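K.L.:
Using my numbering, the first residue of the sequence shown is number 3, and each one after it goes up by one.
For each residue, glycine too, the CB sits at the ideal point set by N, CA and C.
Here the structure is a predicted model, which means the values were calculated and not measured.
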Amino acid sequence: MRPFKIMTSMRIKIVLGFILLAPLLAFSQDLKDGEISARIFANYHTEIFGDEPTSAMEIRRAYFGYKKHLSENFYAEVKLDIGSPNDISDYDRFKRYAYFKNAYLAYKKDKLTLYFGLADAYTFKLQEKFWGYRYIYKSFMDKHSYGASADIGVLGKYDLSEHLSLDASILNGEGYSQLQSDNNYKFTLGATANFNRFTFRLYIDHYTTSVGESTFAAFAGYEIKNKFRFGSEFMYKINEKSYREFNRYGVSAYATYYLNEKIKLFTRYDHSYSVILEDDSSPWNLGNDGSAIISGVEYSPIKNIQFALNYQDWVPYAKNIDGEQFIYVNIQVVF
């Protein structure tokens, strides 16, 4: 009787196991019809020239996504961002949170593309791609909070011709890590032109707060494919955080030179500044004003892996704040 009970117990467990695993197996089979993606940012860095130099190894971010075509014209995507989106404080940088970076339904037909839900914003998407080293350092508008990389709303792009496209959106305005908690919305409009090796973009948005915030941005780029690229951008923000006349602006320029198909040299210069308010003697955001230099070399042994040795220098304009100089080894893995 005992062997019979043991066999019966094993059969029950096997059956229950299949019952529990069936949905997972079906889901994994369904996943094969879509696209699974992941991206990991890691680094080792050490401070130089400081009184008490610091060093650390970090995994700053990981993205996991799934995209599936639902029909000829409709597709959907979900992407998780695991990191510390706001880096509110040094302590917060050690925490890791999981956010929905994307969760949208898209419609694409001929020259029109529409997104409904939480999608990548058009604010600095082109500039980030042209800079090309997001795993090393954020693009200027992202780094200095001129806009969110993704937001909830309705976004659309229309290709007027092979060389000219328009984009517009109505957004929550608070980014992908915040829920809508007021009646304010952000309206955006942009135009992108491509002529031979040149790319130009103009962008403007307006956030309907009590005072009204607006951002203007212009970009120009030049690229010889697989040999050289150069980009520069200018941006101006009006009424920061709904404070009247709290304006600021920035300039960023960057270049990449291809030594060969696996090795690239890159450099970048940023300048961030805020205006001086009436009756004040210094810029209103002086504590965050400054300039940055990022320079280094990237090695890509295969398409999906990049290593970069680089120098990062932040020079604050406030005399009572020390500068920051670091040597970084950054790694990006995409699969």
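Looking only at its chain, what residues have a beta carbon closer than 6 Å to the beta carbon of A64, apart from the 5 residues adjacent to it on each side?
P.N.:
Locating residue 64 in the sequence shown gives position 62, where the first residue counts as 1. In its chain, beyond the 5 residues on either side, I42 and I84 have a beta carbon closer than 6 Å to the beta carbon of A64.
K.L.:
Once DSSP output is grouped into helix, strand and coil, what is the label at L23?
P.N.:
Within the sequence shown, numbered from 1, the residue matching residue 23 stands at position 21. Bear in mind that a pLDDT of 43 at L23, under 50, signals an unreliable position, so the number given afterwards is only what the model happens to contain. Per DSSP, reduced to three states, the secondary structure at L23 is helical.
K.L.:
To the nearest angstrom, how far is it from the Cα of D92 to the Cα of Y135?
P.N.:
For the purposes of this step, residue 92 is taken as residue 90 along the sequence shown, with counting starting at 1. For the purposes of this step, residue 135 is taken as residue 133 along the sequence shown, with counting starting at 1. Note that D92 scores a pLDDT of 48, beneath 50, so its modelled location is shaky and nothing firm can be said.
K.L.:
Rounded to whole angstroms, what's the CA-CA distance from D184 to F118? Just pull it up for me.
P.N.:
In the sequence shown, residue 184 corresponds to position 182, counting from 1. In the sequence shown, residue 118 corresponds to position 116, counting from 1. Going by the C-alpha atoms only, they are around 20 Å apart.
K.L.:
Give the secondary structure of Q180 by DSSP, where H, G and I count as helix, E and B as strand, and everything else as coil.
P.N.:
Numbered from 1 along the sequence shown, position 178 holds the residue referred to as residue 180. Looking at Q180 - three-state DSSP - the assignment turns out to be coil, as it is neither helix nor strand.
K.L.:
Checking 8 Å against the spacing of the C-beta atoms, do Y137 and Q308 come in under that value?
P.N.:
Stepping through the sequence shown from its first residue, residue 137 is reached at position 135. Stepping through the sequence shown from its first residue, residue 308 is reached at position 306. In contact: Y137 and Q308 (Cβ atoms closer than 8 Å).
K.L.:
Could you name the residues of the same chain whose beta carbon sits closer than 6 Å to that of A219, not counting the 5 residues immediately before and after it, in chain order?
P.N.:
What you label residue 219 is simply residue 217 of the sequence shown in a count that begins at 1. Contacts found: Y205 and M237.
K.L.:
Going by beta carbon distance, what residues of the same chain come within less than 6 Å of T48, once the five residues before and after it are set aside?
P.N.:
One-based indexing of the sequence shown puts residue 48 at position 46. Result list for T48: S57 and I329, in chain order.
K.L.:
When DSSP builds the beta bridges, which residues end up paired with N75?
P.N.:
Start at 1 with the first residue of the sequence shown, and residue 75 comes out as number 73. DSSP lists no partner for N75.
K.L.:
So the beta strand (DSSP E) K140 belongs to, where does it begin and stop?
P.N.:
Within the sequence shown, residue 140 is the residue found at index 138, counting from 1. No beta strand (DSSP E) contains K140, which DSSP labels as neither H nor E.
K.L.:
How long is the line joining the alpha carbons of N241 and I265, rounded to whole angstroms?
P.N.:
Here residue 241 is taken as the residue at index 239 of the sequence shown, counted from 1. Here residue 265 is taken as the residue at index 263 of the sequence shown, counted from 1. Rounded to the nearest whole angstrom, the C-alpha separation of N241 and I265 is 43 Å.
K.L.:
With distance defined between alpha-carbon atoms, name the residue in I323, K227, Y313 and T211 nearest to G292.
P.N.:
Residue 292 sits at position 290 when you count from the first residue of the sequence shown. For G292, the closest of I323, K227, Y313 and T211 by C-alpha to C-alpha distance is I323.
K.L.:
Between L114 and the rest of its own chain, which residues show a CB-CB distance below 6 Å, the 5 nearest in sequence each way excluded?
P.N.:
The residue you call residue 114 lines up with position 112 of the sequence shown. For L114, where only same-chain residues beyond five positions count, the Cβ hits under 6 Å are Y160.
K.L.:
Can you tell me the Cα-Cα spacing of E176 and L107, whole angstroms?
P.N.:
Along the sequence shown, read from residue 1 onward, the residue named residue 176 stands at position 174. Along the sequence shown, read from residue 1 onward, the residue named residue 107 stands at position 105. If you take the alpha carbons of E176 and L107, they lie about 20 Å apart.
K.L.:
For the candidate residues I50, R231, M59 and A40, whose alpha-carbon lies nearest to that of K81?
P.N.:
Counting from one through the sequence shown, the residue named residue 81 turns up at place 79. Minimum Cα distance to K81 is reached at A40.
K.L.:
Return the CA-CA distance between R231 and L288, expressed in angstroms with no decimal places.
P.N.:
In the sequence shown, the residue the question calls residue 231 occupies position 229. In the sequence shown, the residue the question calls residue 288 occupies position 286. Each residue's Cα considered, the two are about 32 Å apart.
K.L.:
Quick check: what's the CA-CA separation for L261 versus E215?
P.N.:
Counting from 1 along the sequence shown, the entry for residue 261 is found at position 259. Counting from 1 along the sequence shown, the entry for residue 215 is found at position 213. Rounded to whole angstroms, L261 to E215 spans 43 Å at the Cα level.
K.L.:
Nearest-angstrom Cα distance between N228 and A195?
P.N.:
Residue mapping note: residue 228 aligns to position 226 of the sequence shown, counting from 1. Residue mapping note: residue 195 aligns to position 193 of the sequence shown, counting from 1. C-alpha separation (whole angstroms): 21 Å.
K.L.:
Among K131, D169, K321 and Y139, which has the Cα closest to the Cα of Y313?
P.N.:
As a working note, residue 313 is residue 311 in the sequence shown. The candidate whose alpha carbon is nearest that of Y313 is Y139.
K.L.:
For M143, is the classification buried or exposed, using 16 other Cβ atoms within 10 angstroms of its Cβ as the cut-off for buried?
P.N.:
Translated into the one-based positions of the sequence shown, residue 143 becomes position 141. So M143 counts as buried.
K.L.:
How many angstroms separate the CA atom of G325 from the CA atom of S274?
P.N.:
As a position in the sequence shown, residue 325 is number 323, starting the count at 1. As a position in the sequence shown, residue 274 is number 272, starting the count at 1. Computed Cα separation, rounded: 14 Å.
K.L.:
Just to confirm, are S171 and V213 a CB contact at a threshold of 8 Å?
P.N.:
Here the question's residue 171 lines up with position 169 in the sequence shown. Here the question's residue 213 lines up with position 211 in the sequence shown. Cβ distance not < 8 Å, so S171 and V213 don't count as in contact.
K.L.:
Is DSSP giving S244 helix, strand or coil here?
P.N.:
To locate residue 244, count along the sequence shown from 1; it is residue 242. Helix.
K.L.:
Going by DSSP, name the residue or residues bridged to D291.
P.N.:
In the sequence shown, residue 291 corresponds to position 289, counting from 1. D291 is not bridged to any residue.
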